[in-house]
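According to the UniProt record's numbering, the residues represented by the sequence shown are 1 to 247, in order.
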Amino acid sequence: MGEYAVKAHMQGVKHASLLEAKLSTARPIEFFCKATESAVKEASNNSASTSSTSDSSSITSFVTRKSALDAEILWALKCVKSHYSFNSCQGNGELFRKMFPDSIIAKQFALGERKCSYLIVLGLAPYFKTKLTKNLENSEFFTLLFDETLNNSNQKKQLDVHVRYWEPYDNKMVTTYFGSALLGHSTAKDILTEFYDIIGSSSLPKLLQISMDGPSVNWSFYKTLQEDVQKQFSSNFANVGSWAPYS
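Laid out in structure tokens, this is it:
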């Protein structure tokens, strides 16, 4: 197309109309131009409002879930203290929602048979065991009490260990359960192995005395344990006979 033809095309009505329409539309660069102060302020306020609402919702959800978990822990402790079965937890969530329809905690309460057992065995038990171990380590002395009884559910001997120590915070003597082990037909060596699994060895230097019944296998265990304590920690515990301080 020659120069004359180009000029003629530029002067045409159709070209002029298309050029006017093109110039009237926004150019791409305009999308990247600096925003006005009012636009920035409005966007900032909207963002802050959205962020505040989101944060508030997250905090409320967290606090409510924590409160529901606290309620589940309290109920699990109630089951232990009152000797309730794990199965007794079935349907409690629905019951509490019927009893307390306006409670947000009741709406989130969910503690069935399996969750209750996990909460007690894997959550609460290790916590209390650690706390008790620290109390023994911080005490001046403590005594151990153990007994072997028949477990009726599996017809095996069960070794139950209790500890007695002075509780400085409450200023009183405390006797509490420490742990158990299933023995079956056991020797003194078997009892000693299970004993170490339950008690450990870190607190043994503070062991003052052991209370037990009088079978010969227990006295053999007693002698071996005393030799171990003497060898490892150069200390001895008192022999005042069997059962004397148990009551």
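Ideal Cβ positions, reconstructed from N, Cα and C, are used throughout, including at glycine.
Whole-angstrom distance between residue j and residue i, CA atom to CA atom
i: F96; j: K107; result: 8 Å
i: E148; j: R65; result: 43 Å
i: Y222; j: I105; result: 52 Å
i: I210; j: F86; result: 34 Å
i: S216; j: A188; result: 9 Å
i: L150; j: H185; result: 11 Å
i: E30; j: S103; result: Low per-residue confidence applies at E30: pLDDT is 47, beneath 50, and the placement is therefore not dependable, though the value from the model is reported in the following sentence. Cα-Cα distance, rounded: 54 Å.
i: K98; j: G123; result: 28 Å
i: W219; j: Q155; result: 24 Å
i: S67; j: F237; result: 46 Å
i: Q230; j: L74; result: 43 Å
i: E94; j: H83; result: 22 Å
i: S180; j: F100; result: 40 Å
i: S203; j: L144; result: 11 Å
i: T176; j: D170; result: 14 Å
i: V174; j: T133; result: 13 Å
i: E227; j: Q90; result: 50 Å
i: E167; j: F233; result: 24 Å
i: T224; j: N152; result: 29 Å
i: L192; j: F146; result: 12 Å
i: Y118; j: S88; result: 15 Å
i: K115; j: N239; result: 45 Å
i: K172; j: V80; result: 24 Å
i: S235; j: Y196; result: 17 Å
i: K157; j: L69; result: 37 Å
i: T130; j: L208; result: 21 Å
Supposed contact pair residue j and residue i - C-beta distance, whole angstroms, cut 8 Å
i: L159; j: L136; result: Contact doesn't hold; Cβ gap of about 18 Å is too wide.
i: F178; j: R164; result: About 10 Å; that fails the 8 Å criterion.
i: F109; j: A71; result: 6 Å
i: T161; j: I120; result: Inspection of the sequence shows that residue 161 is occupied by Val rather than by Thr. Actually they do not touch by this definition, with Cβ atoms about 19 Å apart.
i: A92; j: L111; result: Rather than Ala, the amino acid found at residue 92 in this sequence is Asn. Contact flag correct, Cβ pair sits at about 6 Å.
i: K206; j: E140; result: 7 Å
Exposed unless 16 or more other CB atoms sit within 10 angstroms - verdict on residue i
i: M212; result: buried
i: E113; result: exposed
i: E194; result: buried
i: S201; result: exposed
i: A125; result: exposed
i: F128; result: exposed
Residue i beta carbon near the ligand MG (any heavy atom closer than 7 Å)
i: A125; result: This structure does not include the ligand MG; it has no bound ligands of any sort.
*List in chain order: all unbroken beta strand (DSSP E) runs of 3+ residues lying wholly within the segment 144–220.*
156–167, 172–182 and 207–211
*asked:* Which runs of the alpha helix (DSSP H) at least 4 residues long sit entirely within the segment 89–120? Give them in chain order.
replied: 92–99, 104–108 and 113–118
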